[in-house]
Every structure is written in C-alpha cells, then in structure tokens.
Amino acid sequence: MITQLPPGMQLERVDERIMTLNVGPQHPGSGHMRLIIKVDGDYIVSCDPDPGYVHRGEEKMAEYRNYIQNIPHLERPVIHDSCNILYPYCLAVEELLGIEVPERAKYIRVIASELNRCVYTLYWLSIYGIFLGHSTMFMWPMGDRELLIDLLEALSGARVTHAYFVPGGVRNDTPSNFEERCLRQVNYFEKRLKEYEDIFYQNPVLKQRTEGTGILSRMDAIRLGTTGSVLRSAGVDFDIRKKEPYDVYENLDFQSQVLKEGDSYARSRVPYLDMLESCRIIKDALKKMPKSGSVRTKLKPNPKGGNDEAYRRVESGRGALGMYVVSDNKIEPYRVKISVGSFRNMICMPYLLKGEKLGNMPAVYWSLNYWPVEADR
Amino acid sequence: MSTIAPEFRLSRFVASLMNLILWILVLFTLIGLPLVFIVLFYIELPEINGELLTPYLALTWIADPSRTLPIIKSLLQTDFFRIAAFPGFGFAALLAAATIYIERKFLAKMQLRVGPLYCGKVEGILQLMSDGLKLISKEIIIPAKADKPIFWAAPLLFVGTAAALVSLIPVAPGWVVADVDVGLLAVFAVIGFFPIITVLSSWASNSKFPFIGGIRALHQMISFEIPLILSLLGIVILTGTLNLTEIVESQQHYWWIIFMPIGAIVFFITLLAELERIPFDLPEAESEIVAGWLTEFSGMMYGLVQLGSYVKLYAFAALFTILFLGGWSGPMVWPPFPQEIITEGITMGPITMKIPGLPLLDQEMLNATLWFVIKTVGVIMVILLPRGVFPRIRIDLLLHTGWYKLIGLAFVNIFIALALLYAGVLGPGGLIQ
Amino acid sequence: MSTVAGIIRALNSGVKHLAVKRFTLRYPEQKLKFVGDGFQFDPQTGVGIAGQKGRHILFHDKCTGCQLCAIACEGIAEAIAMVKVNNTWKHNKKAIMPQIDYGKCVFCGLCVDACPFYALYMTNDYELSSFTKEALIYTPSQLAVKPKVAQDVEIKIDDRGATHG
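First to last, the sequence lines map onto chains A, B and C. Just so we're aligned: 43 in the numbering used here is position 42 of the first sequence, and the numbers increase by one with no gaps anywhere. Just so we're aligned: 122 in the numbering used here is position 130 of the second sequence, and the numbers increase by one with no gaps anywhere. Just so we're aligned: 126 in the numbering used here is position 110 of the third sequence, and the numbers increase by one with no gaps anywhere.
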C-alpha cells in the first residue's frame, strides 16, 4: 500500500547493510558539490553526484551585457584560470565581428594562457595532496603558484580574474622588464616542479594508493565523452592545441602528453607533465615573440554582430572549453552557451566509483579534475 | 561589540564582595578543612632530621630561610613529586608541549613556510598557550543521543592511560615512578588499553563519522600490537629481564640497535601506527571522515585528547630510547659541582646567606637526564619527519603490512637474537658483555 | 626493494628542504613592490599601460562629466554613480563627477578603458577595507587623493631558494 507522495519525492528502499553517506558541500573531502554515496561495509555500491550548489545563471546573464561587458562576467566560473575561459569567447567574437588579431597579441595570449593553466593545475594538485593526507603537497604547489601569479599580476594587474583578453587582442602591453623576469621565474618554477617527483610521484605510499584504482579504459573514455587530461591519461591522443590549433600554437614546439594506464595515478600525472610542457611553451613563445607591435585592434564603439553564430574551443586545465556565441544584430549576444570540461567528465564519477573501496574515493573523485563552479556555471 | 555594562554603584560592589567572602568561608569550612584533614591522614609525611614535615614546619621557612634547602630536598624524595613533576606527568607534559611547538615549526620549515609567528615575541613561542586558552573558552557540545558518562570519561581515560605509560619509564638511575619488575609486560598491558578507549569514545558519540573512524582505529591498533610485542622479544631474550631499568643498565657498552636493527625498524613502524601519525593516521583521516573518532569532541575535551596524544608520543619515543638507544648512558658532560659548595654551602640571594650542605640533585643524575632528553628529542624528530613526506595509507594496505610483513620481519629479528644468544656472542656469559 | 628506495628518497627530499629558504611574505610588515604606477589607458592608441588594478584616481582638471565610465560599469558591477560636485570648471559645466562604490567594484578596469579624457586611472593602492559599508563609497574628492603605497619586497631567487626579500 503506497500512499500518494508529494511531487518531487522518491521512495527509497532502505537496506540493512547499506549506509548512505553524504559527502556533502560542507565536508573537507569534497568541493562545493555533493556526492551521495551508498556504502556496504567498505565498498561503494552507488554514487550519485549532486551538483548545482553554485549555479548562478551565467549564460542567461550574458545575454544582458554587450560584448565587452561580458569579459569580466564570463571569467567568473573559473577565477584563477580566467584567461582560458575567456579565450574561446574572444576567438568566437572575433570570428563573428571579423576582427584580425596582431601577432604580438597572439603570443602574449599564448603565454598568459599557459601561465593560467599552470596556476590552475597547481591549485588542483595541492588539493589532491591534501585529500590524500599529504600536507607538504598542499603547501608546495600553493607556494610555487605565487611565482606565476606574481607574473600574471605584473602582466594584467590582478592576481586572479585578470579580465585580460578582449576580442581584438589583449588589453595592455607587457610591462617593462617582463621578459627576463618571466624567464627567470619560469626557470625556477621548472626546477621546483622536478622536486615533486621524489616526494609525490615516486612516493611508494602514493603509488600504492592510486595505482590500479578507478581504471578507465580507452573505449570507455571515448564512449563516455570525456575530455582533457582524463582522456589523455586513458591512451587517447587528443589535445586541442595540437589537433585544432588556434592562435600561434602551430609555430610552437611541444608534445601532447599521453599515458596509457587510465588509473588515478596516470590521471594525476598527466597535468603535471602538462605543466612541464607549459614551461617549454612559455620559453619558446618568449623567444619567438615579435619585439614590438600593437597588441590590440581598435574596435568600433558598440560593436554589433550580424545574424551569425560562432563556436570555438580551447584546451583549458580541465578539458575542452567551448563557447558558442549567437548574435542577432544587437550589441548584446543573443545566446552564449558555455560547454565545460568538468561537466563532461562528471559522468565518470558514478561509473568509476561503483565497486571501489571507500578509502579510494578521494583519490578517484578528485583525479577527474572536476571544478564545481565551472561545472555549475 | 556593543556590550551594555551596568552602571557602577559602590553599595552593589561592596555587597558582591561580602558575598564572595561569605562563600569562600563557607566552602572552606565545610569542604576544604575536612579535605585537608583527610589528605593529611592518608599521605605519608616525609622526615627531616628526625622530625615529621608537617605543614606548620614547612611554613617555618618564612622565619628562618636557612631551612629551605632541607625542606625542598625532602620534598624531592616524596612519591608525589615523582608522579606529578619530575619523571612523571609534569615532565611528560612539558616535553609534549615543546613537541607540539617543534612539530609545527619543523613541518613549516620543510614546507617552505613559517609556522606560528606572531604569538610571543620570538617566533611564536606562546602559540601553545593561546591555543590552550582558546580551547578552554569554547563551549563543549555533546551530541543529542550520545552516551553521556562514557563520552565525558573518554578523554580523561585517554590522558590517564598515557600518563600510566609515562609512569613506567625510567629517566635516570633510580628515578622511576613505578619500578616494576615486569616493566615491559606492564607497558604491553597499558598499550593494549588504548584501542578500547578509542572504540568506546567513537561508539559513545553516536554519529556516522566517528563510527567509521573508531572501527578503523580498532583495526589499526590491534593489528599492529602483535608486531610491537614480537619485535621487543629479541631484547628480552638477550637481556633476560623485563625490568626497564635493568635493560638500560645492560646497554652500558653497546646499544641494542647495533645488534637488532630490524627489531628497531619494526618497532619504529608500529610506533607510528600506535600513535596514529602520518602515514598511519586513518582514524583521524581529515579529508574522508572529517576527524574520525574525535569528531564530536569540542573545547577542552579536544585539548585533553591532544595532550594525551602527545604525552603518548613522548612515552613511546622514550621507550624507543630506553630499549634500543641506551637510555641515559653517555659520557659525563655535566660539569662537577665545585668543591666550595660541598664544604661551604650554597648562597641564596638576594640577601646572601650561606647554607651548608650538598646541592639538590647530584651530578650523575643531571647528566643522565641530559642524555636521556637529547636522545628522546632525537627520536621525536625522526617521528615527526614522515608527517611532511608521506600521504596517508589505505586501510587494506595497512592491514596487509601489519599482519604479513611486519610479523615476518619481527620473527626474523627473533631468530637473529636467538642465534646471537646460542652462539655465545651476547647475553649472559657471552663474549661481549 | 623499490619501495624501500622510494621511501628513502622521499625522506631525503624532505630533509633537503630544511635547508631551502622560506618563501612566506610577512604581510603587514613587508609589502610587495609593484612596477609602475597603476593601470592606465591611452584612448588615442586604444591600448592600456600595464599596472596594478587598485583604487582609482580621478583627475579633477580633466574629467568632463561625460558619464562614459558609469555607462561602462552599468552592465558589469554598477559601482559608479555620478554625483554633483561643488565647483564648476570650464570643461565640466554640468559639475558632475563619478563616485565609486568599492563594495561593488570588481576592479576590472573597463571604466578606465572607457574614459576618453585621460581622467580616470587606477593606482597601486589595494588596502581599502573599512568598518562600515558607507565608508567604502569614495566621493570624487576622495578619489582625487594620490595614494601612499608602501613597497618593500619582491621575489628574489638565488641558489638556496626563492624568498620575498
């Protein structure tokens, strides 16, 4: 005899052995999202991610701002990787309005984008360390991040939420001694990165904890539609910077990092190898950058797009970040759709965590490179 | 911060003062005096020069300061001093507090940052005091359906057991709180009590995260007790005694770590597991189960649990020093007392007065204490080091290590000890004495 | 065996770092140095000049009250409102000037990009906290004050590590 339930409520069968754990928004082991985990002893029976705690309606709000006013607005989903989330927006709007970007601006964009990728990955790595109980791995990346944030502050004026990219180039040129300061700090940063090998990546306790857990096979990674470092750690060589190069990535000399195992250890290692590549890219771009030139094409005041649409995508720290901008002859865009790497990779959570031990939950869940604010927009 | 203070009226102030005095007198006569009499009835008063040291006699030092020294000396010989201050709880608590501070600074230096800095003029020395004051000022919240007697008693039991462990440890020759002939066996018995306290407190908290933490703590501590006991059997075989003081005295020429390094390593790893330190801090795994079995403790109960935890750290480090590193043996570096003190006595200021007699503690005892403290601090530093280097281990790997690998290594150690004994190299009647 | 080697190498790395210098910036006693004067914008070339985006500075002898900064901020943070000021200038007959509410400002600098008269720049001053929300609204005369920013240290790298010195 089932009585009528009020709409929206579900009847759930309560089992004797199964305990429901709320790894909730107020938990030192989750981001700002909730995982409803059902545990049988030590094994996870099912995992139900519950995002949406930080949803603001970014896409709807973007329809009320014109193309330039959208710049500080659209960088808010990922504040410390803000250049990478503005990048596809700027590329799409440039396509819509038909603007050419000067050479020097392209190189500066690439440098800022790589610096931001390192900043985001260091933040993610430090939280990964603390989820596994490694307090030194929490402090070192946060400290080394300061070196890069210092550079970004000199370049754009703000430590996070740079609001640096505009359709047409970048907002300001580099300050006076930027090139040698950047080179010095990036060289030191590369030395610091190599220290992480001994204490983290070759640490036997870490390897025992993360190797062989949460294995994502190559076919599953493609079938589930994952992207970014999760995809590349499962053996699929797909890096947007190589396959669909934008700005000056075709002139720069770097490899895309691929590992074959597909377990948590590989997923935690691919962003680290990416960071080492980023250092190479920055040094290469600094060498090849034209020494002078304008960094911004002047736009007409209140630019309007025609009845057109544009979609560009970029490889950000979490995966493919795409922006689909539709305009209909007004100064505000008609629709901005943000397609985010974190949200695409979230499908792996219930799939990978089923059958895992509860002790492996932080290692697997955070290795999926999930940033809750971006996924909720 | 807008508190409304009542106006000051002299009559109300005087009235409250009288109230206070009245209550003090009432409590003193009704409770304090009987308590003093009961205490004096039961404790044994020491003797000076043939007289009993009653409180009246003790207060005569005000009249004649030259009596101070014998009074202090006699107080140093009492049992109460041993339990509360020197080799007992006071000493352990002091070293535990110093350990907490050193741990934070040491870990900070390894992580390229500064630890406590602003409390106290010099690099944050008073940080611990401010933390203690903060904990005292917080409200103690008890969960709704918690088992109240056990919940309240658990931190006290924890500190009590840690103090019991401290009482078995000899610091200098003759300075032990409890000189038991089966000292090492008593140590094992006390260590076996810790998992019970953990499980009791986690069950009494009536909440999910302490439950998981308590079960994990139980698994961890029980599975590492056996390698702990087995790794020390080698020493017992070679020395033939369980008395801790005699084990130290048997290491006068060589330390046991030279002959039984495997035993030392196994004991060190099980020590880390019993203390719930990283890499074995599953019971308090912060990122998974909030704070494990101590989640629901707040305020000073948490402070007591931390105190007990660090006193336990000191006790285990001291145990390692005694069993493997030779306890208090070391070259005599304490300067001998100058001859004038023995003949002419000590001058006590500010009004210089000469008091004949020997100094309070003798040179050997101070030297022994110095070496003991140096070695224990060294062991504590080595225990603090893995905290910054390793992540947390997982429960099934922990159990695998505890039950397979460590017991195997402990047995290898026992075979080495037996081989050394029967080959006549060590032990009573051996080649090397 | 490889686990033992790994353990020893990790411990070795930890001990090595005891000799590296500490990286912390002791904030209230030491403050970071900045290169340059603050974010500025040149309307003729259409490109900004790199600098720290801190508090704004309003040059009263250049502001004409055209409201372009307020219009630019309307879609972003609505932090700029135009208020009447007491004096009139030849170039500012309407006698209105921007007033910035730092409780709402996101320091994006698009108002600086919008000003065509070289009147609104940003400075290095970032210590803007106050006890009440009303004190965060900076009137045009408050905005005209040149800030005094203490600048002591920057990141220095040597072979024993990087430090703020």
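C-beta atoms are modelled at their ideal positions from N, C-alpha and C, and glycine is treated no differently.
Taking its Cβ as the centre, do 16 or more other Cβ atoms sit within 10 Å of residue i, making it buried, or is it exposed?
i: A:Asp16; result: exposed
i: A:Gln27; result: exposed
i: A:Ser343; result: buried
i: A:Lys288; result: exposed
i: A:Ala63; result: buried
i: B:Lys304; result: buried
i: A:Gln186; result: buried
i: A:Glu251; result: exposed
i: C:Leu126; result: buried
i: A:Lys107; result: buried
i: A:His56; result: exposed
i: B:Trp436; result: The question about residue 436 of chain B has no answer here: the residues shown for chain B are numbered -7 through 425.
Just checking: is the beta-carbon of residue i within a distance shorter than 9 Å of some beta-carbon in chain A?
i: C:Ala135; result: no
i: C:Gln167; result: no
i: B:Gln244; result: no
i: C:Ala97; result: no
i: C:Asp129; result: yes
i: B:Met102; result: yes
i: C:Gly125; result: yes
Is there a C-beta anywhere in chain B that falls below 9 Å from the one on residue i?
i: C:Ser157; result: no
i: C:Met17; result: no
i: C:His33; result: yes
i: C:Lys37; result: yes
i: C:Ile23; result: yes
i: C:Thr182; result: Residue 182 of chain C lies beyond the stretch modelled for chain C, which goes from 17 to 181, so this question has no answer here.
For the beta strand (DSSP E) containing residue i, name the first residue and the last one.
i: B:Phe180; result: Unbroken run through B:Phe180 is the alpha helix (DSSP H), 175 to 183; no beta strand (DSSP E).
i: B:Pro202; result: It is not in any beta strand (DSSP E) - B:Pro202 instead sits in the alpha helix (DSSP H) that spans 200 to 231.
i: C:Ile171; result: 171 to 174
i: A:Asp329; result: 321 to 329
i: A:Ser265; result: Careful: A:Ser265 lies outside any beta strand (DSSP E), inside the alpha helix (DSSP H) at 265 to 289.
i: A:Pro50; result: 44 to 51
Is any heavy atom of the ligand FAD found at a distance shorter than 8 Å from the C-beta of residue i?
i: A:Asp151; result: The model depicted lacks the ligand FAD and carries no ligand whatsoever.
Between residue i and residue j, how many whole angstroms is the CB-CB distance? I'm expecting something under 8 Å.
i: A:Cys84; j: A:Tyr202; result: Not really, about 27 Å apart at Cβ, beyond 8 Å.
i: A:Ser265; j: A:Thr227; result: 14 Å between Cβ atoms; not a contact.
i: B:Glu276; j: B:Glu288; result: That pair is no contact at about 13 Å.
i: B:Leu118; j: B:Cys111; result: 5 Å
Do you know how far the Cα of residue j is from the Cα of residue i?
i: B:Leu418; j: B:Glu266; result: 30 Å
i: B:Ile250; j: A:Leu232; result: 52 Å
i: B:Leu236; j: B:Val114; result: 39 Å
i: A:Ser398; j: A:Tyr54; result: What the structure shows of chain A is the stretch from 2 to 378, and residue 398 of chain A is not part of that stretch, so it cannot be assessed.
i: A:Val24; j: A:Pro50; result: 10 Å
i: A:Asp238; j: A:Ser257; result: 7 Å
i: C:Thr148; j: C:Gly119; result: 10 Å
i: B:Ile134; j: B:Leu127; result: 15 Å
i: A:Ser157; j: C:Gln56; result: 11 Å
i: B:Thr70; j: A:Val365; result: 59 Å
i: C:Pro114; j: C:Met138; result: 14 Å
i: C:Leu159; j: C:Glu94; result: 17 Å
i: C:Val36; j: C:Asp175; result: 9 Å
i: B:Ala77; j: B:Val28; result: 21 Å
i: A:Val111; j: A:Leu97; result: 21 Å
i: A:Arg242; j: B:Val371; result: 52 Å
Using a Cβ-Cβ distance cut-off of 9 Å, determine whether residue i contacts chain C.
i: B:Ser(-6); result: Interpretation of B:Ser(-6) is limited by its pLDDT of 42, a score under 50 that renders its predicted location unreliable; no figure is taken from the coordinates.
i: A:Ala113; result: no
i: A:Ser157; result: yes
i: B:Ser8; result: no
i: A:Tyr250; result: no
i: A:Lys61; result: no
At what residues does the alpha helix (DSSP H) containing residue i begin and finish?
i: B:Gln69; result: No alpha helix (DSSP H) holds B:Gln69; DSSP gives it neither H nor E.
i: C:Val128; result: 126 to 130
i: A:Ala113; result: 104 to 132
i: C:Ala178; result: Counting along the chain, C:Ala178 falls outside any alpha helix (DSSP H), though it belongs to the beta strand (DSSP E) covering 177 to 180.
i: B:Asp123; result: 119 to 128
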